[in-house]
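Protein chains in written order, with our numbering: chain C, 976 to 1093; chain A, 8 to 123. We put the beta carbon where it would ideally sit given N, CA and C, even for glycine.
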Amino acid sequence: SAVISQKPSRDICQRGTSLTIQCQVDSQVTMMFWYRQQPGQSLTLIATANQGSEATYESGFVIDKFPISRPNLTFSTLTVSNMSPEDSSIYLCSVEDQSFAGVEETQYFGPGTRLLVL
Amino acid sequence: AQSVTQPDIHITVSEGASLELRCNYSYGATPYLFWYVQSPGQGLQLLLKYFSGDTLVQGIKGFEAEFKRSQSSFNLRKPSVHWSDAAEYFCAVGRVRSGGYQKVTFGTGTKLQVIP
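Okay, here's the thing in structure tokens:
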């Protein structure tokens, strides 16, 4: 399976500021995903990032708040803009391992970025 | 739309005892099913997955899960729990979207506490 790293691993930010989270994969992948895990909650998909095209956002998430870049097949960034305390969450990057030639795709996750907004 | 229910928010078991974590899903077709584990301060690690075939699936760390279509369930089991198994466990269901990738929906998780 792919090895995924995220930077930063954690951060404390002031409200109104923005934070960019980086996700790096050790192999080329087509699809990358960004999830949010609010305190005590399950994972919620924010958006799907396909290299060379605009990210696709889930209901309730907008590009102005969570702009995503996907410049190549091994890297993506998620920015959390104009932060408020409600943005305090773990943000996780995942990739879909398509080593089985398009079937049995499985998502693997990075270690997450723990964000606290004051 | 698919959904996943994990009815147990928190479970406590004694070390060495058996474990079963419940998961029920709702999905119109044959689902792709997953169990992930999240240790404190860590990301998610895949324990096992079911796509088709044998309904009893073996995973890492001695875990197994059984797919029961008639009950829409995919319960996770381990015959003898170790203290290091204390973590949060997430069941998930996936479906392939028109773009060819999966939309994975996660349950709310079950926190496992292991006591000596």
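Residues bridged to residue i [DSSP beta-bridge criterion]
i	result
A/H17	A/K118
A/Q52	A/V44
A/K85	A/L26
C/N1057	Answer is none; C/N1057 lacks a bridge partner.
A/Q109	A/V103
A/L63	A/E73
C/I1038	DSSP lists no partner for C/I1038.
C/I1065	C/Q1012 and C/R1089
C/F1050	C/Q999 and C/N1047
Residue i, buried or exposed, once every other Cβ within 10 Å from all chains shown has been counted against 16
i	result
A/R104	exposed
A/K56	buried
C/Q981	buried
C/V1037	exposed
C/A1076	In this prediction, C/A1076 scores a pLDDT of 49, lower than 50, which makes its location untrustworthy; no coordinate-derived value is stated.
C/S984	exposed
C/V1004	buried
C/T1081	buried
A/A36	exposed
C/Q1013	exposed
A/D92	buried
Spatially closest choice to residue i from the options, by CA coordinates
i	options	result
C/L1091	C/S1069, C/D1072, C/M1058 and C/S1044	C/M1058
C/E1029	C/D986, C/R1089 and C/R1045	C/R1045
C/G1035	C/E1071, C/G1085, C/L1093 and C/R1011	C/R1011
C/C998	C/F1050, C/V1070 and C/P1060	C/F1050
A/H89	A/G69, A/N82 and A/S80	A/G69
C/T1023	C/T1052, C/S1017, C/T995 and C/G1015	C/T1052
A/R76	A/F113, A/Q52, A/L40 and A/P47	A/L40
A/Q78	A/T62, A/V111, A/E95 and A/T115	A/T62
Decide if the region 21–29 of chain A is in contact with the region 114–123 of chain A; the criterion is three or more beta carbon pairs, one per stretch, under 8 Å apart. Yes: at least three Cβ pairs fall under 8 Å.
Validate contact between the region 10–18 of chain A and the region 29–39 of chain A using beta carbons, cut 8 Å, 3 pairs: Proximity of the region 10–18 of chain A to the region 29–39 of chain A meets the contact definition, three or more beta-carbon pairs being nearer than 8 Å.
Any residues in the region 1082–1093 of chain C with a beta carbon nearer than 7 Å to a beta carbon of chain A? Which ones, in chain order? Listed by position along the chain: Q1082, Y1083, F1084, G1085, P1086 and G1087.
Closer than 7 Å, Cβ to any Cβ of chain A: which residues of the region 1059–1071 of chain C, in chain order? Sequence-ordered contacts of the region 1059–1071 of chain C with chain A read L1067 and E1071 [C-beta pairs closer than 7 Å].
Just by C-beta distance, which residues in the region 18–48 of chain A are closer than 9 Å to chain C? Among the residues of the region 18–48 of chain A, those with a Cβ less than 9 Å away from any Cβ of chain C are Y39, F41, Y43, Q45 and G48, in the order of the chain.
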